[in-house]
Ligand code: CO
Ligand code: ZN
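Residue numbers (my numbering): 450 to 788.
Here you go:
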């Protein structure tokens, strides 16, 4: 499992540039499914036939947050626009990797920011630039183009019980679906496995994928934040914790999850002695929010993997939470849900 997580998180595929991760995931799932399709936006929609005749959609987004080159100045310094939700304060000194392999490092306009260093609101992409070590505009242009994307430089690290990497959001969800396919034989549900594009820029891929499938039931897999029970003086409104099991989403800013489905999932976890926690998140959203409002509506929830330092190169998860999520899903896909 850790090898799979390493492989998936080391691939650079920001929103709208999912071709590399799509290829890797397709290679992994092909032996275990009846059909693999790629739609117009680039979503992978795989199908595995079950015995019960009802459709369950499992979703994980395969894109990650990234950057887009907008301008290169006369001295070869690069300006980028964020792709997805970045905190500019975290950028200085971070290494990033461009689509065609160039490596650069963020820094800020020192003269401007030395006046304002106490005020983090002043650290914005206006004042951040990327240095790839080029001396001139032409030298920079020989390595990086306008419109080229970048991601955080991969920094996978196995810490034993915990694992740290960029793009755990949401390659961990992708890894969980792949592992589920390896483990489960014949599901009760007809499974539609969606590896969605462009979640980080507005739940784009899940919106069209869910429309095409129109499932009876849907579960999105994604990461969630942890707070005061997990980190020194962590956020008071966030009780989720690494190692306490998958978090059953109750609500976030994109959805109020289906309460009957949640109760059924919690019961299933208890029957099989799988730890779980609940998630009420005061911000953020997942593909679940888009899937829920498809056509005449879909019974939907999200299972979340508690993750530290989300949207950084150091996203950290507990490997037991991953195993428990796979276990829980392997029971869910085998038994009919009766609302
Ligand atoms: Co995200
Ligand atoms: Zn995510």
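For each residue, glycine too, the CB sits at the ideal point set by N, CA and C.
- About 3 Å separates the CB atoms of residue 533 and residue 649; that is less than 8 Å, so the two are in contact.
- By the neighbour-count criterion, in which a residue is buried when 16 or more other Cβ atoms sit within 10 angstroms of its Cβ, residue 660 is exposed.
- Residue 520: member of the beta strand (DSSP E) spanning 515 to 521, first to last residue.
- For residue 584, the CB contacts under 8 Å within the same chain, skipping 5 residues up- and downstream, are 524 and 525 in chain order.
- In this structure, residue 649 has its beta carbon less than 7 Å from a heavy atom of the ligand CO.
- Distances from the CB of residue 639 to the heavy atoms of the ligand CO are all 7 Å or more.
- Put simply, the region 629 to 639 does not touch the region 575 to 593. Fewer than three CB pairs are less than 8 Å apart.
- Contact between residue 598 and residue 516 holds, since their C-beta atoms are separated by about 7 Å, short of 8 Å.
- Between residue 625 and residue 670 the beta-carbon gap is near 6 Å, inside 8 Å, which marks them as a contact.
- Distance from residue 499 to residue 665 at the Cβ level is roughly 11 Å; contact not present, criterion being Cβ atoms closer than 8 Å.
- Of the other Cβ atoms in all chains shown, 16 or more fall within 10 Å of the Cβ of residue 739; this residue is therefore buried.
- The region 730 to 737 makes no contact with the region 764 to 774; the number of CB pairs closer than 8 Å stays below 3.
- Relative to the ligand ZN, residue 750 has its C-beta separated by 7 Å or more from all heavy atoms.
- Between residue 748 and residue 778 a beta carbon distance of about 16 Å is seen, past the 8 Å cut, so the two are scored as non-contacting.
- Looking at 742, 630, 764 and 686, the one whose alpha-carbon comes closest to that of residue 483 is 630.
- For residue 562, same chain residues with a beta-carbon under 8 Å away, outside a window of 5 residues either side, are 571, 572 and 576 in chain order.
- Of the other Cβ atoms in all chains shown, fewer than 16 fall within 10 Å of the Cβ of residue 542; this residue is therefore exposed.
- Secondary structure of residue 753 (DSSP, three-state): strand.
- Shown here, residue 649 sits in coil according to DSSP, grouped into three states, outside any helix or strand.
- Scanning its chain for C-beta atoms nearer than 8 Å, with the 5 sequence neighbours on each side dropped, one finds around residue 672 the residues 617, 618, 619, 621, 622, 753, 754, 755, 756, 759, 764 and 766, in chain order.
- The C-beta separation of residue 717 from residue 735 comes to about 20 Å, leaving the pair out of contact by the 8 Å criterion.
- Here residue 595 is exposed: its Cβ has fewer than 16 other Cβ atoms, across all protein chains shown, within 10 Å.
- Remark: the shortest separation between the CB of residue 768 and any heavy atom of the ligand CO does not fall under 7 Å.
- The DSSP assignment places 577 to 580, 598 to 601 and 611 to 614 as complete runs of the beta strand (DSSP E) inside the region 568 to 622, in order along the chain (cut-off: 3 residues).
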